[in-house]
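Residue numbers (the numbering used here): 1273 to 1890.
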């Protein structure tokens, strides 16, 4: 049977703890001061079995305004609430605060309970009517209502049945999702060590599991936290071999000390969350964000951290958190004044990796962008914004990557890539290659390393400003850019295969050499001749690559047609023939004849028949 967790909410001294005790038989006020004063100060915990057999745990929260932070720590991770209003007192000041907190945190499942019916005239009907009015417009507007008296037992059985029905129809949690357990208590047990408790809202825990502890002790944004091991599990004071959602979990940890853990820390599945300290948010309830104080307290899960607010209009803001928290796109948080008790505003996270806003007008542009963003995340938007992004990074940030991919987005291995980014990178690279050829007509293109460096800077090193300004984040994406640019990788360089052949300033000298060799095909120029023509190794290599000259060993330079012309003459000789006979037939020197004959041997046009003779291969 699936366990569920229900939190209480409501004004101080309206009977929340008494109600939980009537339902469970468990006293939730753990501290002597709480029992002495009859006032809940910190979170209390109890559990029972409902008529269906379903297990339910209760998180009893304080109602007094002085302990609003403790209340929010209990309410934050809980998916279901019992909203309590006393029949004899009706709606009160902290009822407002708790209602606003529920709305801010997006809690939409629960039961409205009118308590102390035995102390009120008309059976609590006026209190119920007022509560309905006050809850209108919240997720609890249509919640079922039960009137009870914990002292006489009136309505308690009905409340059990109503709770059973509400929990039956509550949204089903995911047992396969990553674990994010917000810690509300940490203590040490002799012989066992460190134990933490919290409401497990998603995911599944087993003894032996490896988890990451993200907390207030030296964590910085993006770091992995402390790796810990689950030694044992308990729920409702019973050992468990497995705990799934939604339940109250007590987790015995190995790998950390009690002094390193506190309320507001979190246990998460390794690699499933990032600790972030800047988020862009959208207002969901409460005051306009351009009217809240610049310094606030942010409540997320069981955490309460100070934050600086940069408003981006009335509906959006950037929060700089006092310490990193494991947050995702779509998470709900609550803001309240650091020196006040009232709830100020509820927000929903739109971006856990917001762009830096330093350029003039960046704030206005960001405000417009946030106005169009999906509060549940948009993989296409995130990909276009970055050019390319790893799919697993988006999932870690709470953004679903669905198949088929949106139009304009490609998948390249583990990367999602925007087609417009590929086009921008291709344009920058194509321009860089053309600029290289314009600078030096003999260049074979830019090196692969130079191309990757250029794209990693967003194409900003090109000679004119057709730059993408988005860096290409991984070298493997070059394979997408080259065909888009009409370029190719050859010999460690990026080249334009369709570039018109040309030799620049060496064109005239090569043409003169070609004319000379056409007249005397086997009179290869000497080194002095090449120097006089200002044809060095670089110019000769470029001409050879274009098929205009043939370079043989020992500095011999001929026309590409020379081997075929030589074969005509050699075929007329008596077979086999010697190198001397070949030299005379070609009218050339031994310096030219030997490399040329070896070239013909290598092509299989001639072959040696003994140590000193060759013959034409017929």
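Backbone N, C-alpha and C fix where the C-beta goes; we use that ideal spot for every residue, glycine too.
If you're wondering where the values come from, they're calculated on a predicted model, not measured in any experiment.
Open item on the list: Quick test of your reading: residue 1686 and residue 1663, contact by CB under 8 Å. State the CB separation rounded to the nearest angstrom.
Closed with: Taking the first residue of the chain shown as 1, we reach residue 1686 at position 414. Taking the first residue of the chain shown as 1, we reach residue 1663 at position 391. Indeed they touch by this definition, with Cβ atoms about 6 Å apart.
Task: Proximity below 9 Å, CB of residue 1521 to CB of residue 1511 - done: Numbered from its first residue, the chain shown carries residue 1521 at position 249. Numbered from its first residue, the chain shown carries residue 1511 at position 239. Contact: no.
TODO: Just grab the DSSP bridge partners of residue 1450 for me.
DONE: As a first step, residue 1450 must be located in the chain shown, where it is residue number 178. Looking at the DSSP assignment, residue 1450 forms no beta bridge with any residue, so it has no partner.
Open item on the list: Do residue 1695 and residue 1681 count as a contact pair if the criterion is CB distance below 9 Å?
Closed with: What you label residue 1681 is simply residue 409 of the chain shown in a count that begins at 1. What you label residue 1695 is simply residue 423 of the chain shown in a count that begins at 1. Between residue 1681 and residue 1695, the C-beta spacing is not below 9 Å.
Open item on the list: Quick check on DSSP: helix, strand or coil for residue 1847?
Closed with: Sequence index remark: in the chain shown, residue 1847 carries index 575 (1-based). Coil at residue 1847, not helix or strand.
Task: Rounded separation between residue 1765 and residue 1504 - CA only - done: Along the chain shown, one-based indexing puts residue 1765 at 493. Along the chain shown, one-based indexing puts residue 1504 at 232. Cα to Cα, residue 1765 sits roughly 58 Å from residue 1504.
Open item on the list: Would you call the stretch 1423-1439 in contact with the stretch 1447-1461, where contact means no fewer than 3 C-beta pairs closer than 8 Å?
Closed with: With the cut-off at 8 Å, the stretch 1423-1439 and the stretch 1447-1461 do not touch.
TODO: In angstroms with no decimal places, state the Cα-to-Cα distance between residue 1277 and residue 1322.
DONE: Residue 1277 sits at position 5 when you count from the first residue of the chain shown. Residue 1322 sits at position 50 when you count from the first residue of the chain shown. Between residue 1277 and residue 1322, the C-alpha separation is close to 12 Å.
Task: DSSP-derived helix/strand/coil call for residue 1296 - done: Translated into the one-based positions of the chain shown, residue 1296 becomes position 24. Looking at residue 1296 - three-state DSSP - the assignment turns out to be helix.
TODO: Could you tell me which residues DSSP pairs with residue 1547 in its beta bridges?
DONE: Translated into positions along the chain shown, residue 1547 becomes position 275. When beta bridges are read from the DSSP output, residue 1547 appears opposite 1598.
Open item on the list: Distance check for residue 1544 and residue 1397, CA to CA, integer angstroms please.
Closed with: Along the chain shown, read from residue 1 onward, the residue named residue 1397 stands at position 125. Along the chain shown, read from residue 1 onward, the residue named residue 1544 stands at position 272. For residue 1397 and residue 1544, the distance between alpha carbons rounds to 48 Å.
Open item on the list: For the alpha helix (DSSP H) containing residue 1410, name the first residue and the last one.
Closed with: What you label residue 1410 is simply residue 138 of the chain shown in a count that begins at 1. First-last for residue 1410: undefined, no H or E at that position.
Open item on the list: Report the CB separation of residue 1693 from residue 1742 in whole angstroms; it is logged as a contact under 8 Å.
Closed with: Reading the chain shown from its first residue, position 421 is the one you call residue 1693. Reading the chain shown from its first residue, position 470 is the one you call residue 1742. About 6 Å separates the Cβ atoms of residue 1693 and residue 1742, confirming a contact at the 8 Å cut-off.
Open item on the list: Per DSSP, what are the beta-bridge partners of residue 1363 in this structure?
Closed with: For the purposes of this step, residue 1363 is taken as the residue at position 91 of the chain shown. Looking at the DSSP output, residue 1363 shares a beta bridge with no other residue.
Task: Where the beta strand (DSSP E) containing residue 1866 begins and where it ends - done: The residue given as residue 1866 occupies position 594 in the chain shown. First-last for residue 1866: 1862-1875, but that is the alpha helix (DSSP H), not the beta strand (DSSP E).
TODO: Evaluate residue 1703 with the Cβ neighbour count: other Cβ atoms within 10 Å of its Cβ, from every protein chain shown; 16 or more gives buried, anything less gives exposed.
DONE: As a working mapping, residue 1703 is identified with position 431 in the chain shown. Classification for residue 1703: buried.
Task: Unbroken stretches of the beta strand (DSSP E), 3 residues or longer, contained in the stretch 1754-1830 - done: Fully enclosed beta strand (DSSP E) runs of 3 or longer: 1760-1762, 1765-1767, 1822-1824, 1828-1830.
Open item on the list: Less than 9 Å between CB atoms is the rule here; does residue 1357 satisfy it with respect to chain D?
Closed with: The chain inventory of the structure shown lacks chain D, comprising one protein chain alone.
Open item on the list: Among the candidates 1542, 1864, 1499, whose CA atom is the shortest distance from the CA of residue 1529?
Closed with: For this step, residue 1529 is matched to residue 257 along the chain shown. Taking only the C-alpha atoms, the option nearest residue 1529 is 1499.
- [ ] Compare the beta carbon distance of residue 1226 and residue 1821 with 9 Å and say whether it is the shorter of the two.
- [x] One cannot answer for residue 1226 here, as it falls past the ends of the chain, which runs 1273 to 1890.
Task: Cα-Cα separation between residue 1332 and residue 1748, rounded to whole angstroms - done: As a working note, residue 1332 is residue 60 in the chain shown. As a working note, residue 1748 is residue 476 in the chain shown. Each residue's Cα considered, the two are about 54 Å apart.
TODO: May I ask you to list the residues that DSSP assigns as paired with residue 1524?
DONE: Indexing the chain shown from 1 puts residue 1524 at position 252. Paired residue(s): 1467, 1504.
Open item on the list: According to DSSP, simplified to helix, strand and coil, what is residue 1621?
Closed with: Here residue 1621 refers to the residue found at position 349 of the chain shown. Residue 1621 falls in the strand class under three-state DSSP.
Task: Contact under 9 Å by Cβ, residue 1794 with residue 1864 - done: Start at 1 with the first residue of the chain shown, and residue 1794 comes out as number 522. Start at 1 with the first residue of the chain shown, and residue 1864 comes out as number 592. One thing to note: residue 1794 has its Cβ within 9 Å of the Cβ of residue 1864.
TODO: Flag this pair as yes or no: are the beta carbons of residue 1564 and residue 1607 separated by less than 9 Å?
DONE: Taking the first residue of the chain shown as position 1, residue 1564 is located at position 292. Taking the first residue of the chain shown as position 1, residue 1607 is located at position 335. In contact: residue 1564 and residue 1607 (Cβ atoms closer than 9 Å).
Task: residue 1413 versus 1382, 1603, 1295, residue with shortest Cα-Cα distance - done: Taking the first residue of the chain shown as 1, we reach residue 1413 at position 141. It is 1382 whose Cα lies nearest to the Cα of residue 1413.
TODO: Could you check what DSSP says for residue 1567 in three-state terms: helix, strand or coil?
DONE: Position 295 of the chain shown, counting from 1, holds the residue named residue 1567. In the three-state reduction of the DSSP assignment, residue 1567 falls in the strand class.
- [ ] Using the DSSP secondary-structure output, state which residues sit across from residue 1331 in a beta bridge.
- [x] Start at 1 with the first residue of the chain shown, and residue 1331 comes out as number 59. Answer is 1279, 1317, bridged to residue 1331.
- [ ] Under 8 Å Cβ to Cβ from residue 1407, same chain only, skipping five residues before and after it: list those, please.
- [x] To locate residue 1407, count along the chain shown from 1; it is residue 135. Excluding positions up to five away in sequence, the list reads 1355, 1371, 1384, 1413, 1415.
Open item on the list: Need the endpoints of the beta strand (DSSP E) that residue 1382 sits in, please.
Closed with: As a working note, residue 1382 is residue 110 in the chain shown. Judged by DSSP secondary structure, residue 1382 falls within the beta strand (DSSP E) whose first and last residues are 1382-1387.
Open item on the list: So, under 8 Å CB-CB, residue 1616 and residue 1552 are touching, yes? Tell me the CB distance rounded to an integer number of Å.
Closed with: Counting from 1 along the chain shown, the entry for residue 1616 is found at position 344. Counting from 1 along the chain shown, the entry for residue 1552 is found at position 280. In fact, because the Cβ distance is near 18 Å, the residues do not count as touching under 8 Å.
TODO: Identify whether residue 1587 lies in helix, strand or coil by the three-state DSSP scheme.
DONE: In the chain shown, counting from the first residue as 1, residue 1587 sits at position 315. Correct three-state label for residue 1587: coil.
Task: Extent of the continuous alpha helix (DSSP H) to which residue 1477 belongs - done: Counted from its first residue, the chain shown places residue 1477 at position 205. Neither: residue 1477 is in no alpha helix (DSSP H) and is coded neither H nor E.
- [ ] Report the partner residues of residue 1671 according to the DSSP bridge assignment.
- [x] Taking the first residue of the chain shown as position 1, residue 1671 is located at position 399. Looking at the DSSP output, residue 1671 bridges to nothing.
Task: Span of the beta strand (DSSP E), counted from its first residue to its last, around residue 1608 - done: Numbered from 1 along the chain shown, position 336 holds the residue referred to as residue 1608. Unbroken beta strand (DSSP E) run through residue 1608: 1604-1609.
Open item on the list: As a quick exercise: from 1666, 1721, 1345, 1631, pick the residue whose alpha carbon is nearest that of residue 1576.
Closed with: Start at 1 with the first residue of the chain shown, and residue 1576 comes out as number 304. Ranked by how close their Cα comes to the Cα of residue 1576, the residues 1666, 1721, 1345, 1631 have 1345 in first place.
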